[in-house]
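Residue numbers (the UniProt record's numbering): 1 to 297.
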Amino acid sequence: MIYSMTGFGKATAEYGNKKIIVTVRTLNSKQADIQVRMPVAFKEKELEIRNLLTSELQRGKIDFTLSVEEQNTSAVGVVNLQPEQIKEYVYQIRRISQEADIPEPINWFEVLLRLPGSTSPIQANEENADEICQEEWDIVKMAIIDSLKQLNEFRKQEGTMLQKVLSEKIENIGSLLREIDQPEGERVAQIKTKLEEALKQISEGFDRNRLEQEMIYYVEKLDVNEEKTRLRNHLDYFLSTMDTLPGQGKKLGFIAQEIGREINTLGSKSNHAEMQQLVVRMKDELEQIKEQVLNVL
């Protein structure tokens, strides 16, 4: 089966007072074009993240975002006081009070604890910072893996619909190829009639051997049996390739090119209005196939 290169995945996780949000979006691209957005604290993990994205998603335009939201620490009620910052606030408030001749605050701590920098949240197991970093990364990594699973499931669903469309287009070309058989037989009879009329104008008693030679020449020159056989084989190969493991998008593109070559040769050899019309319809179906193949992983 085939997978689409278009997909979306999102996962969330929590660590302490942090909410971790991971989103991954993909679009079609010939190579793996990765754009990563995340907090500076996780920059050292960027290479590992990129390797994980490439391994799981193979190729495509990949937009990865990792964001961390701090939860309300006041609900926990556990903070670190910053004595030096608080002392500096007390000094400044008393100086301003004397200079401006205004009374000092009655409830000092209520005022001071509202000022920025006077407190900081206590991190769990703060004495083991390295351990926390690894623990947090393990949680973040699991969120990344979950988002990639969602994205690949999205790609699979899109690929199922894409495969149905491509199969219909290939079947349409096969049906048009079968319709060519009738006008192809008429074409040989028309060529024979034209040659006979042309030779009659040259002389009353034309050379039958010359007619046969000319017929053999034109039939060989305009024969399309080989092209029809190769085209049928390419169509079958396209369908069987879609049933292999995901990641066959480039291969399908190459097969589509070969299908196009055989259709073009049929058009150049047809020399028959109805056959040429059928060839034009084949080309239309093929162009739609080529557009859709660009979205195949």
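The C-beta atom is built at its ideal place from N, Cα and C for all residues, glycine as well.
* Using the beta-carbon count (16 or more within 10 Å), is Ala256 buried or exposed? -> buried
* **Three-state class that DSSP yields for Ile102 in the structure shown** => coil
* Rounded C-alpha distance that separates Met282 from Gly253 -> 16 Å
* In three-state terms, what does DSSP make of Asp243? -> coil
* Asked: Mapping DSSP to helix, strand and coil, what is Asp223?
  -> coil
* Asked: Which first and last residues belong to the beta strand (DSSP E) in which Ala11 is found?
  -> Gly7 to Tyr15
* Would you say Val280 and Leu266 are within 7 Å of each other, going by their C-beta atoms? -> no
* Can you find a C-beta in chain C that's less than 7 Å from the C-beta of Leu235? -> Absent from the structure is chain C; it holds one protein chain and no more.
* Using three-state DSSP, classify Asn107 as helix, strand or coil. => coil
* So, using beta-carbon positions, are Asn28 and Leu294 closer together than 7 Å? -> yes
* Proximity of residue 302 and Glu171 at Cβ, strictly below 7 Å -> This structure does not reach residue 302, given that the chain is present from 1 up to 297, and the question cannot be answered.
* **Among Leu286, Asn225, Val140 and Gln277, the one whose alpha carbon lies nearest that of Val165** => Leu286
* Asked: Between which two residues does the alpha helix (DSSP H) harbouring Arg261 extend?
  -> Gly249 to Ser270
* Asked: Looking only at DSSP bridge pairs, what is Arg37 linked to?
  -> Thr65
* To do: Between the Cα of Pro116 and those of Glu88, Val140 and Ile96, spot the shortest distance and give me the residue it belongs to.
  => Glu88
* Asked: In terms of alpha-carbon separation, which member of Gly260, Val68, Trp137 and Glu153 lies closest to Gly7?
  -> Glu153
* To do: Have a look at Ile106 and Asp146 and give me their C-alpha separation to the nearest angstrom.
  => 53 Å
* Asked: Thinking C-alpha only, which one of Lys169, Thr26, Val111 and Leu113 is nearest Leu57?
  -> Thr26
* Which of helix, strand or coil DSSP assigns to Ile21 -> strand
* Expressed to the nearest angstrom, what Euclidean distance is found between the alpha-carbon atoms of Tyr15 and Ile49? -> 19 Å
* To do: Consult DSSP for Ser4 and reduce its assignment to one of helix, strand or coil.
  => strand
* **Length of the line joining the Cα atoms of Ser270 and Asp181** => 11 Å
* Residue environment, Glu110, which counts as buried when at least 16 other CB atoms sit within 10 Å -> exposed
* Rounded Cβ spacing between residue 301 and Ile62 (contact assumed at less than 8 Å) -> Residue numbering for the chain in the displayed model covers 1 to 297; residue 301 lies beyond these limits and cannot be assessed.
* To do: Could you please give the first and the last residue of the uninterrupted alpha helix (DSSP H) stretch that includes Lys164?
  => Ala129 to Glu179
* Rounded straight-line distance, which links the Cα of Gln277 to that of Leu66 -> 54 Å
* **Asn51, enclosing alpha helix (DSSP H) - first and last residue** => Glu46 to Leu57
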